[in-house]
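**Q**
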Amino acid sequence: MLPLSEAEDKGYRPDAVFRNETRKVERLVKSNAMVNAHSNTDSQDSSSTSDSSISVVHRRRASSHGKHHALTLYSLADSSWEQRALCYFFDQHTIKADSEEDGHLDYLPSLYARELESSSSCLRWAVDATALMTLANTKNAPPLMTKARQGYGRALRGLQEALASPANAVKDETFASVVLLSLYEDISGERNGLFSSHTAGFEFLTKLRGNTQVYHQRGRDMLTFAYTHNYVEILALGNKPRFDMDWVLSMLDINKPVERLVLNASKLCQLSLYMRSTPTPDQATVEAWIKAGREYDLELSQWTQTLPDRWLPLVVYSAQGEPLLTYNRISNAVVWNYYRAVRVMVQQLLLSLNRTLTSIRAAKQSSDSRDTSSEPESECLDEPALQAIIREMTTDVCRSIPFALADVDSLGRPNKSDSPWQMRAAQGYGLLWPLWYILSSGMPTPAQAELIRTVLSRVGSTLGIKLALVLAREAERIRGEQDEVQGEVLGDLPRGAYNLGNQS
């Protein structure tokens with residue numbers, strides 16, 4: 001159990017950390033264990049589709065909750081590789097929403113089924129290509145990779161045709177195609193460096209579709225996916241938005257934990273943009289940025305205080321006596337890790353600004369040494385305290401990993417290979433950017449860095465998401481250059497963003 005002072009520093013409210021004393025969270029976890037297992041193995045059973053192979057697999061999954069999601073489950077005697085790939089993809093990359101939580105791409109099977117009879121469908125081609133690449137990576141099958149790339153090319157051409165038609169450009173199928181093409185790029189590991197080729201497409205369609213996209217759940221889900229995709233590039237990679245952030249943020253629902261976190265994190269995006277647009281700030285400007293950064297950090301920490309009980313972490317202990325963090329669902333662990341990564345970004349930003357302010361003051365004192373008059377100045381930040389928060393956030397990310405990978409259950413007990421509680425590829429995908437930033441920030445211990453590298457390698461090889469391997473290599477490059485970054489001044493982003501944002 002964590003000391004109260006450490007708990008408060010991390011932004012948890014004390015009753016969230018010590019809730020286990022009243023057994024409230026523990027009872028909640030136990031009562032939801034079966035529901036959780038069902039959600040992690042059978043989230044799409046109710047999805048309707050006209051494709052017979054998908055229906056067969058769904059029926060098999062409904063009677064096979066205790067089986068691991070091995071590829072043999074999809075090796076139907078009368079099915080093609082394309083059908084097997086499609087079933088595996090829907091199983092691994094879509095999670096059905098329920099009364100408590102939003103899903104992930106759960107609108108996709110029904111949209112895909114509507115497009116099966118179309119002779120020209122960019123969505124169908126995008127889904128088929130992404131599914132083939134997913135299975136090809138998992139099975140290490142070059143012929144399937146070739147077919148997937150051919151399908152990706154057809155999907156791109158189909159998307160261009162759809163965008164040329166005002167009526168088709170605003171359809172959900174077109175936006176979903178961009179979602180799938182961006183996912184294909186990450187699964188194949190074929191981004192342009194770390195930048196997505198489809199960010200501009202998200203921005204264009206978001207503006208084109210306007211407010212109408214939030215009038216139904218499917219549109220909201222797509223908007224959230226697109227905006228999260230884009231703000232990761234702004235925060236982590238130093239990209240510049242080409243859309244009105246305030247307009248998008250006004251459409252988010254602050255009553256939903258994920259959308260509220262996106263709203264809070266977006267304020268840091270805006271501060272970063274202000275900093276990049278002011279290359280030589282004066283002392284007053286830097287002090288204003290520090291004040292804003294501290295306010296944003298406080299708002300972020302308050303996000304944890306508004307969460308329902310089912311979202312709160314549970315402190316448990318492994319068989320070896322090591323403290324672990326577990327959750328009601330694996331998807332909750334993913335969201336919490338985004339929160340921790342953004343908090344690390346804020347601390348890094350404040351550290352950089354504090355050093356810039358110190359340099360400005362030193363230069364000013366040197367030039368005004370004969371001036372006896374002095375103006376009151378704000379106090380410098382406590383750098384050891386900022387670094388302590390970074391270390392604590394990093395530690396909590398690492399303590400969450402065994403549960404996020406489904407190596408342990410909600411009570412910290414080792415998970416069996418045939419357990420219905422398994423990590424899906426969609427959840428592994430959600431781990432990537434928070435882990436990359438934590439690894440590249442330069443603050444993890446050697447043991448923590450090795451753990452994160454191992455996780456990225458596992459997601460890349462076992463789940464077939466090659467972006468994980470790309471991120472692991474890039475993080476090592478950044479960590480190797482961290483000594484060069486340490487002395488940079490004036491408007492630095494956190495370390496990873498500074499390096500990547502200044503590449504030619």
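Per UniProt numbering, the very first residue in the sequence shown carries number 1; after that it's consecutive. Ideal Cβ positions, reconstructed from N, Cα and C, are used throughout, including at glycine.
With distances taken Cα to Cα, identify the nearest neighbour of LYS267 among GLN448, GLU190, VAL346, SER457.
**A** It is VAL346 whose Cα lies nearest to the Cα of LYS267.
**Q** Suppose you measure from the CA of ARG453 to the CA of LEU439; what does that come to, to the nearest Å?
**A** Roughly 8 Å separates the two Cα atoms.
**Q** Once the 5 residues before and after ILE360 are set aside, which same chain residues still bring their CB inside 8 Å of it?
**A** Around ILE360: ASP282, GLN283, VAL286.
**Q** Is it the case that the Cβ atoms of SER197 and GLU185 are separated by a distance below 8 Å?
**A** Taking 8 Å as the Cβ cut-off, SER197 and GLU185 qualify as a contacting pair.
**Q** Leaving out the 5 sequence neighbours to the left and right, which residues in its chain are closer than 8 Å to LEU71 when beta-carbon positions are compared?
**A** Low confidence applies here, because LEU71 scores a pLDDT of 41, under 50, leaving its location unreliable; read the following figure in that light. Around LEU71: ARG84, TYR88, LEU135, THR138, LYS139.
**Q** Let me know if SER188 comes out buried or exposed under the rule of 16 or more other beta-carbons within 10 Å of its beta-carbon.
**A** By the neighbour-count rule (16 or more Cβ atoms within 10 Å), SER188 is buried.
**Q** Using the C-alpha atoms, what's the distance from TRP311 back to LEU324?
**A** Each residue's alpha carbon lies about 16 Å from the other.
**Q** Count the other CB atoms, across all protein chains shown, that sit within 10 Å of the CB of GLN422; report buried if there are 16 or more and exposed otherwise.
**A** GLN422 should be labelled buried.
**Q** Apart from the five residues just before and just after ALA425, which ones in its own chain have a Cβ nearer than 6 Å to its Cβ?
**A** Excluding residues within five positions, the ones whose Cβ falls inside 6 Å are GLN92, HIS93, LEU463.
**Q** Given a cut-off of 8 Å on the beta-carbon distance, is the pair GLU233 and ASN264 in contact?
**A** Against a cut-off of 8 Å, the Cβ pair of ASN264 and GLU233 comes out as no contact.
**Q** Three-state secondary structure (DSSP) at ASN354?
**A** Correct three-state label for ASN354: helix.
**Q** Keeping to the same chain, check which residues put their C-beta closer than 6 Å to that of GLU476; ignore five residues upstream and five downstream.
**A** No residues qualify anywhere along the chain.
**Q** Mind checking whether LEU111 and GLU173 have CB atoms under 8 Å apart?
**A** For LEU111 and GLU173, yes; Cβs fall inside 8 Å.
**Q** Would TYR107 and ASP221 qualify as a contact pair, given that the criterion is a beta-carbon distance under 8 Å?
**A** Yes, Cβ-Cβ distance for TYR107 and ASP221 is below 8 Å.
**Q** Would you call the region 148 to 161 and the region 93 to 103 in contact, with 3 or more CB pairs under 8 Å?
**A** The answer is no - the region 93 to 103 does not touch the region 148 to 161, with fewer than three Cβ pairs under 8 Å.
**Q** VAL344 and THR394: beta carbons closer than 8 Å?
**A** The answer is yes: Cβ separation under 8 Å.
**Q** Alpha carbon to alpha carbon, what distance is there between GLY321 and PHE175?
**A** C-alpha separation (whole angstroms): 48 Å.
**Q** Quick test of your reading: VAL334 and LEU261, contact by CB under 8 Å. State the CB separation rounded to the nearest angstrom.
**A** That pair is no contact at about 11 Å.
**Q** Is the region 396 to 410 touching the region 442 to 453, taking contact as three or more C-beta pairs under 8 Å?
**A** With the cut-off at 8 Å, the region 396 to 410 and the region 442 to 453 touch.
**Q** For a test of the three-state rule: what should DSSP assign to PRO323, helix, strand or coil?
**A** In this structure, PRO323 counts as strand in the three-state DSSP scheme.
**Q** Using the rule of at least 16 other Cβ atoms within 10 Å of the residue's Cβ for burial, across every protein chain shown, is ASN230 buried or exposed?
**A** Classification for ASN230: buried.
**Q** Let me know the secondary structure DSSP gives ASN192 once reduced to three states.
**A** ASN192: strand per DSSP, three-state reduction.
**Q** Express the C-alpha separation of TYR317 and LEU205 in angstroms, rounding to a whole number.
**A** Going by the C-alpha atoms only, they are around 47 Å apart.
**Q** Since ALA169 and TRP125 should fall inside the 8 Å C-beta cutoff, what is the C-beta to C-beta distance between them, to a whole number of angstroms?
**A** Not a contact, Cβ separation roughly 17 Å.
**Q** Expressed to the nearest angstrom, what Euclidean distance is found between the alpha-carbon atoms of LEU181 and THR358?
**A** When rounded, the distance between both Cα atoms is 46 Å.
**Q** My guess is that ILE465 and ALA404 are in contact by the Cβ rule of under 8 Å, so how many angstroms apart are they, rounded?
**A** In fact, because the Cβ distance is near 14 Å, the residues do not count as touching under 8 Å.
**Q** Can you give me the start and stop residues for the beta strand (DSSP E) that VAL455 sits inside?
**A** No beta strand (DSSP E) holds VAL455; the alpha helix (DSSP H) holding it covers 446 to 462.
**Q** Measuring only the C-alpha atoms, how far is SER441 from ALA131?
**A** If I take the Cα positions, the gap works out to 33 Å.
**Q** With DSSP as the reference, please indicate the residues paired to PRO143 in a beta bridge.
**A** Looking at the DSSP assignment, PRO143 forms no beta bridge with any residue, so it has no partner.
**Q** For MET133 and LEU105, I'd like the C-alpha separation in whole angstroms.
**A** Looking at the two C-alpha atoms, the distance is approximately 17 Å.
**Q** Reducing DSSP to helix, strand and coil, say where LEU314 ends up.
**A** Looking at LEU314 - three-state DSSP - the assignment turns out to be strand.
**Q** Using the DSSP secondary-structure output, state which residues sit across from HIS104 in a beta bridge.
**A** Looking at the DSSP assignment, HIS104 forms a beta bridge with ILE95.
**Q** Could you have a look at PRO257 and say whether DSSP puts it in helix, strand or coil?
**A** Three-state result, PRO257: helix.
**Q** Less than 8 Å separating the beta-carbons of ASN239 and THR199?
**A** Yes, the pair counts as a contact, with Cβ atoms nearer than the cut-off.
**Q** If you run the structure through DSSP and keep just helix, strand and coil, what is PRO109?
**A** Note: PRO109 maps to helix in three-state DSSP.
**Q** Quick check on this structure: which residue in LEU86, ALA385, SER457, ARG294 has the alpha carbon closest to the alpha carbon of VAL127?
**A** Nearest of LEU86, ALA385, SER457, ARG294 to VAL127, Cα basis: LEU86.
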